[in-house]
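The numbers in the numbering used here rise by one with no breaks, and the one at position 226 of the sequence shown is 1677.
Below is one structure; the comments refer to it alone.
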Amino acid sequence: MLILAISFPGAGQESAATAETPNSSGSELRTMSFNIRYDNPGDSVNAWPYRIRRVAGIFRLFEPDVVGVQEALKSQINGLQAEIPEYDWYGVGRDDGEDGGEFCPVFYRRERLELLEKATFWLSETPDTPGSRGWDAVCNRVVSWGKFRDKATENEFYFFNTHFDHAGPKARLESAKLLRREIGKIAGRTPVILTGDLNCRDTSVVYRTLLENPGEESMPLLDAIARTLTPHHGPTGTFHGFTGVTEPGGRIDYIFVTPAWQVRQHAILADHWDGRYPSDHLPVLAVLRLE
1452 MLILAISFPG
1462 AGQESAATAE
1472 TPNSSGSELR
1482 TMSFNIRYDN
1492 PGDSVNAWPY
1502 RIRRVAGIFR
1512 LFEPDVVGVQ
1522 EALKSQINGL
1532 QAEIPEYDWY
1542 GVGRDDGEDG
1552 GEFCPVFYRR
1562 ERLELLEKAT
1572 FWLSETPDTP
1582 GSRGWDAVCN
1592 RVVSWGKFRD
1602 KATENEFYFF
1612 NTHFDHAGPK
1622 ARLESAKLLR
1632 REIGKIAGRT
1642 PVILTGDLNC
1652 RDTSVVYRTL
1662 LENPGEESMP
1672 LLDAIARTLT
1682 PHHGPTGTFH
1692 GFTGVTEPGG
1702 RIDYIFVTPA
1712 WQVRQHAILA
1722 DHWDGRYPSD
1732 HLPVLAVLRL
1742 E
């Protein structure tokens, strides 16, 4: 285990955090779930123009190979990619299947990963209908997924990224059921990584539904924090509303894996620049290796 104290300049500031990270290994895959908070001018000093370099700083500091991002508007995606040009991305707007509304984009390091397939479905009774809204959801919600080839190992895997509704309890539960079914249909027994802001804790029926045994045709999902070979690093909550203070056990952002993945490390990252945070959610990092 290598302990790195890294300073990264962001908007003229320095990171205040110490990053604990494993030794670099070509067979390890660094994954992240990161709700970057939509571009809301009402956020004042925490509005996107003040945060974009901090978000890019998280990418540069931890060098994830693949990242599930939530709440990103197209303008944010374009701006972020300009800051981190070594990453490509895919995804569609949830409002129309094109550029409208928030995306659940997946950013990936092109020199490490090759994107073989990609698609998006909606968390609704009609998942193939762009812009559809399900059950009691306040917003339309999507899952963007891709099949990747790891150029370092030649392994193939699927990566799914989502953001469940914040208001509708039925929508969250039905979304978990639909997502579990779709992962089975799309990925079968190929290794899977799932990232997302589920807007619920790990004590909820929604969380338990995602982890239920799916049957013989697909693989179960496991919470990466429970699989880590080294102690979890960082807070145990993820939402902090730009205060830096999370509720113990208040985790709503997750990384899930199928059993083929060994979880080398799991962390919730509380990095900030002079007390200013990249987002109102803390990013989640997992370092994985296929067994």
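All C-beta atoms in this analysis are idealised placements derived from N, C-alpha and C, irrespective of residue type, glycine included.
Keep in mind the model is a prediction, meaning the values are calculated, not measured.
- For the 8 Å CB-CB criterion, Cys1555 and Val1594 form a contact.
- Taking Arg1631 as reference, the option from Phe1707, Glu1698, Val1714 with the minimal CA-CA separation is Phe1707.
- For Asn1497, no alpha helix (DSSP H) segment is defined, and its DSSP state is neither H nor E.
- One alpha carbon belongs to Ala1627, the other to Asp1587, and they sit about 14 Å apart.
- Residue pairing by DSSP places Glu1607 opposite Arg1600 in a beta bridge.
- Nearest to Asn1664 by alpha-carbon distance, out of Gly1647, Cys1651, Ile1634, is Ile1634.
- A straight-line Cα-Cα distance of about 33 Å links Val1738 and Pro1581.
- In this structure, DSSP gives Arg1488 a state outside helix and strand, which the three-state scheme calls coil.
- In this chain, the alpha helix (DSSP H) harbouring Ala1533 covers 1525-1534.
- When the five nearest sequence neighbours on each side are left out, the beta carbons in the same chain lying within less than 8 Å of the beta carbon of Lys1602 are those of Glu1562, Arg1563, Leu1564, Glu1565, in order along the chain.
- As DSSP reads the structure, Ile1644 sits in a beta bridge with Phe1610, Val1708.
- Look at the beta carbons and you see the stretch 1608-1627 not touching the stretch 1714-1721: under three pairs across the two are nearer than 8 Å.
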